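Data block below; observations after.
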Amino acid sequence: MFEIPPQNAKEAGNLFKISKLWREAGDAFVRSAEIHAAASDQKHDAASNYAEAANCYRKVSPQQAIDCLMKTAETYTDTGRFNMAAKYHCTMAEIFESEAPDMAQAMAHYQEAADFYKGEESRSSATKCMIKVAQYAAQLEDYKRAIKIFEEVATWEADHPTLKYAAKNHFFQALLCHLCTDLLDTQNALKRYEEISPSFVDSRECKLINELISCLEDKNQVKFTEVVKAFDKISRLDQWHTSLLVKIKRSCGNEDDDDLK
Numbered sequence: 087m088f089e090i091p092p093q094n095a096k097e098a099g100n101l102f103k104i105s106k107l108w109r110e111a112g113d114a115f116v117r118s119a120e121i122h123a124a125a126s127d128q129k130h131d132a133a134s135n136y137a138e139a140a141n142c143y144r145k146v147s148p149q150q151a152i153d154c155l156m157k158t159a160e161t162y163t164d165t166g167r168f169n170m171a172a173k174y175h176c177t178m179a180e181i182f183e184s185e186a187p188d189m190a191q192a193m194a195h196y197q198e199a200a201d202f203y204k205g206e207e208s209r210s211s212a213t214k215c216m217i218k219v220a221q222y223a224a225q226l227e228d229y230k231r232a233i234k235i236f237e238e239v240a241t242w243e244a245d246h247p248t249l250k251y252a253a254k255n256h257f258f259q260a261l262l263c264h265l266c267t268d269l270l271d272t273q274n275a276l277k278r279y280e281e282i283s284p285s286f287v288d289s290r291e292c293k294l295i296n297e298l299i300s301c302l303e304d305k306n307q308v309k310f311t312e313v314v315k316a317f318d319k320i321s322r323l324d325q326w327h328t329s330l331l332v333k334i335k336r337s338c339g340n341e342d343d344d345d346l347k
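Under my numbering, the first residue of the sequence shown is numbered 87, with each subsequent residue one higher.
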């Protein structure tokens, strides 16, 4: 680390940024943050400098960026600024989604963010984070957790005048998770969701689930692939949905057949 006079730490950080010396810039902003953190009335400045350091480190060292973001989030938590703490937990989750792939860590930080947003009554922001948690839980085969979250989100949306048409997507995701575990549970859940949201009954998602249930009952992999392809032509399935459908198809017969095309 460069030897920087304490009073010049932030200025040095900015100069290093201009020169694109990212690690040195990060070091300088950390030094500035530590100076502010030592003063009881400068916690906001400390958090801001840790965040600035994280932005610099992110270009060269994701783990150092995470360390600084943790300090940023902790500082905002200590000062009662929970929406800001949530924001930086989301940033950490994004790093674990991209520069330093770790699905479990990404899920954990989205959960932290969601908890903070819920506490601040920021329901929309909390919901976005919880959907991420549910998606990762399903990918990690924690289907019970994923189902609980998708159900909670979809039920809330179904009761919301401007979001009720989005509920079908999350009921659909919950049902795909059910299909990964137990057919009877899926059928029972489907009945409940249809009662909660009558409009779900006529959706393409609901019709697909019913068709998939029939395919699984008949052990018909060919038909399974056909109905998925027909759905995908109109409503494009992303990688998350496709990966679950592949797992579900395996229970239809030949476990080595991973093709949905």
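We put the beta carbon where it would ideally sit given N, CA and C, even for glycine.
Remember, it's a predicted structure, so these values are computed and weren't measured experimentally.
- In this structure, L265 sits near I334, with a CB-CB distance shorter than 7 Å.
- Distance between L101 and E110, taken at the CA atoms: about 10 Å.
- Take T158, set aside five residues on each side of it, and the residues of its chain with a beta-carbon closer than 7 Å to its own are A133, Y136, A137, A140, Y174, in chain order.
- CA-to-CA, the gap between F168 and Y203 works out to about 7 Å.
- Annotation for T165: no alpha helix (DSSP H) segment contains it, and DSSP assigns it neither H nor E.
- By the beta-carbon neighbour count (other beta carbons within 10 angstroms, threshold 16), E97 is exposed.
- Secondary structure note for R231: its alpha helix (DSSP H) is the uninterrupted segment 229-244.
- Rounded to whole angstroms, the Cβ separation of F236 and A200 is 14 Å, and the two are not in contact under 8 Å.
- By the criterion of a C-beta distance shorter than 8 Å, I320 is surrounded in its chain by R290, once the five residues flanking it on both sides are discounted.
- Comparing C-alpha distances from A119 to each of M156, Y196, I217 shows the shortest one belongs to M156.
- L323 sits in coil when the DSSP states are folded into three classes, being neither helix nor strand.
- Every alpha helix (DSSP H) stretch that sits fully inside the segment 260-339 and reaches 4 residues is listed by chain position as 269-282, 290-304, 307-320, 325-336.
- Out of F286, V287, V239, V314, the CA that lies nearest to the CA of L298 is found in V314.
- Between the beta-carbon of A232 and that of A220 there is about 4 Å, and that keeps the pair under the 8 Å contact cut.
- The criterion of a C-beta distance shorter than 7 Å is not satisfied by S283 and A252.
- Across the structure, D188 and Q149 are spaced so that their CA atoms are roughly 12 Å apart.
- Secondary structure at R117: helix, using DSSP grouped into helix, strand and coil.
- Secondary structure of D131 (DSSP, three-state): helix.
- Going by DSSP, K250 is part of no alpha helix (DSSP H) at all; its letter is neither H nor E.
- In the structure shown, the three-state DSSP call for D201 is helix.
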